[in-house]
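J.: Before I ask anything, let me first share the structure, which is written out below as structure tokens.
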Amino acid sequence: MVLHEVAQNNLRDVSVTLPKHALTVVTGPSGSGKSSLVFGTLAAEAQRQLYETFPAFVRHRLPGRERPRARRLENLTMTVVIDQRRPAGNTRSTVGTTSEAHTALRVLFSRCATPSAGPAQVYSFNDPLGMCVRCHGLGTARELDLDRLLRGDRSLNEGAIDFPAFSPGSATWQLYAESGLFDADKPLGAFTGQERELLLYGHGFHVKRRTGAGVYRNAYEGVVPRLERRFLRRETDALSERERVALARVTRVQTCPVCRGARLNAAALASRLAGHTIAECADMPVDQLVPLLTRARAADAGPLADEALTVLRRIQVVGLGYLSLARATTTLSGGELQRLKCVRHLGSSLTDVTYLFDEPTAGLHPADVEALAEVLLALRDNGNTVIAVTHDPAVMDLADHVIDLGPGAGAHGGQIVFTGTPAQLRAARTTTGAALRAARVHKECPRTPHRFLDVSGAGRANLREEHVELPEGVMCVVTGVAGAGKSSLLTALVEQHPAAVLIDQAEIGASPRATAATYSGAMDALRKLFSKASGAGAGLFSSNSSGACPQCRGRGEVETDLAYLEPVSRTCEVCGGSRYRPEALKHRLHGRTVAEVLGMTVGQALETFTSPPALAGALRPLGEVGLSYLTLGRTLSTLSGGERQRLKLAAHLKESGRLFVFDDPTSGLHLADTAVLLRLLDRLVDAGNSLVVATHDLEVVRHADWVVDLGPGPGDRGGRVVHSGTLAALLDRTSSLTADHLRSYLAAPDAAQGAAAESASEGSVAAQRRLQGP
């Protein structure tokens, strides 16, 4: 595959050849253009050309793709993108539904379970024939908490119903306050029992509601059934962020009292196979379910069990055997999701397919990386092309070919600085090459804890320890294989110590228009500067106010909703993506319009705008956390998980005496960027803060003052504290997988990585055999 003069985003007319039937790694500093090359260009154009081969009837129902900015792309193949974005699912999406293992299990139960409940869909919690009548297949029941919903000291006119849809002045509020049924100035606590019953549960009659357009006759519906119908029975994903927050405040979620969390109705749960219901099978870790179905196959299930076993064994191959089919995908890490997506491709007999992976080892312990490496090589050895965007040295060493972008990020990147073999990369004079050659030693003088925080973990997921002590005043790293209980420990820590500052990779709770400039507070200072220089109101320079383009309403793009397909976004033809109306773009500051200023990177803005102090003060922390390459107008929804973390961290750099909790902070970071982040973490500790960092990154582990290693394995084999103490003491342990890999990491790089590559290569052959099933 040959890409000629690619100029997508920050790429500078890049031309590169990607070998077919090989494993190619694309690496480089964060923001250097890796994703623009692989996903924004190669994947986008391959998919666009594939869509063009379909009939017009089909094309009109598929998402439209814009042609990437490149002179010519040659010899492309069909591409499959396996990234870390969450599947287009909701609270009903599980490991079983995503991998399609639950589908095979349902077929098996419909044919072989006794007594049979009927066809396969009867065993589906997403089908009306099979779902529990009480919770509608969710396994949980959300109930209103009237003590939180109602304010007894307030009247209806004062907002006694504490929910946005019932706020005074709203149409819903009129049904109660202006119905004539109640004294709207009377506190709810003074209502008689009959009045309270009527307010909450009344039905079967009509009331009048007056508006400016006239008088309307509406059916009366009590507050409780109205809330249940409009909000509780809808999918959480279908509610707005404001509605979800409000609903969480006035409700409590409990296990469904009818199905007891099984999600299915009584008929489906009456069927048993090998003594177990389908819900019990789905609750088992895959590692336990495989031997159970193997026994069922030997008994009388026969070939029907083979299909389910084939899918389950593929889940084991990607290292997720500790998960259960009932595990919600919303609770999985990005790395777990990515490996789960691999499952459906492992049994494919297609060849000459190009598989594109985005940070495939993100969130993986080094022991789990070996399992993923087997998958990458197995796909390649099946006659396919595999391209992985990654910073992981272990994956680089497996590659047949490496492409290094740089030399820096943003405007300082976008160039091919190296192509060749992994061994040649180590000798290359690039940022990546230098980072790979850097010495690896553990911290010789670790800090001493001041005292310890007690975290109770009993009964939380697979965390088996009654209490875990975490040190204060130091950088404490929590590690262990995937599924060992790290997330459970972090969740318990944050819940039991609410003053803790959690810096994770979750979406930043802001509007779709939120940008790096608005989130940091720099936009307020910029609007004032433009207003002062032009004499116009500050609102004219806001894409969320009077300055917004009337066509796209300040978003810079127009989104078309295609119902069951993903929405299509195109650059707004009126403003050209600038987001602003012409009146706003007439004014300039330092020779630039407001749209052009938002197109500047943080680093460029710091050099250009030396005053006022508020602007520099808002931007400087972004540079300190390594985000100088971000443009001021970059929307937050386009940031990676690691970038979101650093953006959150920027707001806390000057604080002291706090407890900071980090969840995988180096995800998506180049080795050079990791070094910058570690210096920032040291700065936080030296300022008097305490850090708890959950990570698999051995570069971070070797930098720790204190290590809590969980395990020894995943799922039901984990949840124990294998080690709690200094790094030096961890290196002396023989019962820790983390210690094993850390010793290899700190050893001579070439020998350790060569052994890893040889092991993974041999493992790819074993993976191919396991993929064939029983």
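Using UniProt numbering, you'd call the opening residue of the sequence shown number 1 and step up by one each time.
Where is the CB? At the ideal position from N, CA and C, for every residue including glycine.
Do you know whose CA, among Gly-410, Ala-409, Thr-421 and Ala-378, lies nearest Ala-399's CA?
T.: When only C-alpha atoms are compared, the closest one is Thr-421.
J.: Express the C-alpha separation of Leu-364 and Thr-638 in angstroms, rounding to a whole number.
T.: 23 Å
J.: Excluding sequence positions up to five away, which residues of its chain have a Cβ less than 8 Å from the Cβ of Glu-5?
T.: Asp-13, Val-14, Ser-15, Ala-70, Arg-71 and Arg-72
J.: Between Thr-41 and Gln-8, which are expected to be in contact by the criterion C-beta below 8 Å, what is the C-beta distance as a whole number of angstroms?
T.: 5 Å
J.: Can you give, in chain order, each stretch of the alpha helix (DSSP H) that sits fully within the region 369-432 and has at least 4 residues?
T.: The region 369-432 contains these whole alpha helix (DSSP H) runs: 393-396 and 422-427.
J.: Buried or exposed for Pro-613, please, with buried defined as at least 16 other CB atoms from any protein chain shown within 10 angstroms of its CB.
T.: exposed
J.: Tell me whether Thr-17 sits in a helix, a strand or coil according to DSSP, three-state version.
T.: strand
J.: Judging by CA-CA distance, which residue of Ala-296, Ser-543 and Leu-146 is the nearest neighbour of Thr-114?
T.: Ala-296
J.: Are Asn-384 and Val-353 touching if we call contact CB-CB under 7 Å?
T.: yes
J.: Among Leu-232, Gly-214 and Val-122, which one has its Cα closest to the Cα of Phe-163?
T.: Leu-232
J.: Where Arg-717 and Arg-327 are concerned, what is the direct C-alpha to C-alpha distance, given to the nearest angstrom?
T.: 17 Å
J.: Excluding the 5 residues flanking Lys-648 on each side, which residues of the same chain have their C-beta closer than 6 Å to its C-beta?
T.: Ile-503
J.: Determine which residues share a DSSP beta bridge with Cys-256 and list them.
T.: Paired residues: none, contrary to the question.
J.: At the level of alpha carbons, what is the spacing between Ser-542 and Ser-155?
T.: 39 Å
J.: What span of residues does the beta strand (DSSP E) with His-723 cover, start to end?
T.: Its beta strand (DSSP E) spans residues 720-725.
J.: Using a Cβ-Cβ cutoff of less than 8 Å, which residues in the same chain neighbour Thr-515 once the five nearest sequence positions on both sides are dropped?
T.: Met-523, Leu-598, Leu-632, Gly-633, Arg-634, Thr-635 and Leu-636
J.: State yes or no: is the C-beta of Gly-457 within less than 7 Å of the C-beta of Glu-469?
T.: The Cβ atoms of Gly-457 and Glu-469 do not sit closer than 7 Å to each other.
J.: Below 8 Å, can you find three or more Cβ-Cβ pairs linking the region 572-584 to the region 537-556?
T.: yes
J.: Is it the case that the Cβ atoms of Thr-27 and Asp-404 are separated by a distance below 7 Å?
T.: yes
J.: Using the rule of at least 16 other Cβ atoms within 10 Å of the residue's Cβ for burial, across every protein chain shown, is Ile-508 buried or exposed?
T.: exposed
J.: If I follow the unbroken alpha helix (DSSP H) through Ala-314, where does it start and stop?
T.: Reading off the sequence shown, one finds Arg at residue 314, where the question assumed Ala. Segment 303-317, the alpha helix (DSSP H) holding Arg-314.
J.: Determine the closest residue to Gln-47 out of Ala-56, Arg-67 and Leu-37, with distance taken between C-alpha atoms.
T.: Arg-67
J.: Note down, in chain order, each residue of its chain lying with its Cβ closer than 6 Å to the Cβ of Leu-678, except the 5 sequence neighbours on either side.
T.: His-703
J.: How many angstroms separate the CA atom of Gly-591 from the CA atom of Leu-585?
T.: 11 Å
J.: What residue does the alpha helix (DSSP H) around Leu-23 start on, and which one ends it?
T.: No alpha helix (DSSP H) holds Leu-23; the beta strand (DSSP E) holding it covers 23-27.
J.: In whole angstroms, give me the CA-to-CA distance for Leu-188 and Leu-150.
T.: 8 Å
J.: What are the uninterrupted segments assigned as beta strand (DSSP E) that are 3 or more residues long and contained completely in the region 124-177, given in chain order?
T.: 140-144
J.: With H, G and I counted as helix, E and B as strand and the rest as coil, what does DSSP make of Val-38?
T.: Correct three-state label for Val-38: helix.
J.: Check Ser-456 in the structure and name its three-state DSSP category.
T.: strand
J.: Kindly identify the DSSP beta-bridge partner or partners of Leu-73.
T.: Leu-3
J.: Which two residues bound the contiguous beta strand (DSSP E) that contains Gly-480?
T.: 475-480
J.: Leaving out five residues before and five after Gly-321 in sequence, what residues of the same chain have Cβ atoms less than 6 Å from its Cβ?
T.: Val-286 and Asp-287
J.: Whole angstroms is fine: what's the gap from His-652's alpha carbon to Leu-622's?
T.: 11 Å
J.: Within its chain, find whatever has a CB closer than 7 Å to the CB of Gly-31; leave out the 5 residues flanking it on each side and keep chain order.
T.: Ala-409, Gly-410, Gly-413 and Tyr-629
J.: On the three-state DSSP scale, how would you describe Tyr-629?
T.: coil
J.: With Gly-603 as the anchor, note down where its alpha helix (DSSP H) starts and where it stops.
T.: Residues 602-608.
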